[in-house]
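Below is one structure, written out as structure tokens; the observations come after it.
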Amino acid sequence: MSLARRFQAVIDQLAGGNKKQFAAMTGKSASHIYKICRGSSRPSMAYLQALFDDYRVDLSWLLTGESNDGGNPAGRLNPADQVLAPMFDVKASAGAGALSDAEAIDDYFTFNKSFLSRQLGVSGEQLVFVTVDGDSMEPTLHHGDQVLVDMTQRSVRNNAVYLLNTEHGLLTKRLQQQAGVLQIHSDNPHFSSWQLDLSEQQENPVLGRIVWSARTL
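Take a look at the structure:
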């Protein structure tokens, strides 16, 4: 069995064969995962170490086909170490959408707590995925990107990117806050900046900070 086939076995074991979810779980792009499975790319040593640290994948088996301990060489999921992030069937930048309606959940992504802490600096308590619609945040975010939102981070850190709930619907924007006014910027220079007077808002329009994104290449 080749390394590519053994790597596919890891995906089968940890993500039910779903390469896109496995990419999200392990912090890689889906295209990189597909290349490894096709044999046109090899995982880096840093990535292999992360697979061992987070999922106890037997690296000797993965690289050579020979297992060290006779256990499950393709790794294992410890439910206590996993976080489920719901993917909401709403788009950010066009149309109103609710992030509290369970019927709007299209799927779930599984993350390892240590990955979230080590790579993203988040706890995983209130994480959700939404899909970007439009090109107002290019080149940072592209149409169709799936972005991970930490809904515990509602206080604005200047120049970070956030998910907003406004009269225009859900928006992904770069924010600055000054004296009760929220400055809202698009990374695409063809879109104008604007502002919200927070004193006129009944509640905080900031739903959470965008901490990670995934896209299909």
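In terms of this note's numbering, the sequence shown opens at residue 25 and continues consecutively.
Backbone N, C-alpha and C define an ideal beta-carbon position, used for all residues, glycine too.
Separation of Lys52 from Met175, as counted between CA atoms: 22 Å
Spatially closest choice to Met25 from Ala104, Val180, Leu187, Glu90, by CA coordinates: Glu90
Whole-angstrom C-beta distance between Phe112 and Ala128, which should lie under 8 Å: 5 Å
Beta-carbon contacts of Ser223 that lie in its chain and below 6 Å, excluding the five residues immediately before and after: Gly204
Endpoints, the beta strand (DSSP E) within which Leu188 is located: 185-190
Spatial distance of Asp169 from Glu149 (CA atoms): 22 Å
Among Met49, Gln32, Asp221, the one whose alpha carbon lies nearest that of Gln41: Position check: residue 41 holds Gly in this sequence, whereas Gln was assumed. Closest option to Gly41, Cα to Cα, is Gln32.
Per-residue burial, Gly158 [other beta carbons within 10 Å of its own, 16 or more giving buried]: buried
Residue-level contact to chain D via CB, Leu188, 8 Å cutoff: Among the protein chains of the structure shown there is no chain D, as only one such chain exists.
Where the alpha helix (DSSP H) through Met111 begins and ends: Careful: Met111 lies outside any alpha helix (DSSP H), inside the beta strand (DSSP E) at 106-116.
Touching by the beta-carbon criterion (3+ pairs, under 8 Å), the stretch 100-108 and the stretch 132-151: yes
Per-residue burial, Met69 [other beta carbons within 10 Å of its own, 16 or more giving buried]: exposed
Nearest-angstrom Cα separation, counted from Ser160 out to Cys61: 34 Å
Status (buried if at least 16 other CB within 10 Å, exposed otherwise) for Tyr132: exposed
Residue environment, Pro67, which counts as buried when at least 16 other CB atoms sit within 10 Å: buried
CB-CB length for Trp236 against Leu195, believed under 8 Å: Between Leu195 and Trp236 the Cβ distance is about 18 Å, and since that is not below 8 Å, they are no contact.
Check whether Arg239 and His192 have beta carbons under 8 Å apart: no
Neighbour-count burial assignment, Arg233, 16 or more Cβ in a 10 Å radius: buried
6 Å CB neighbourhood of Leu86 in its chain, flanking five on each side removed: Arg30
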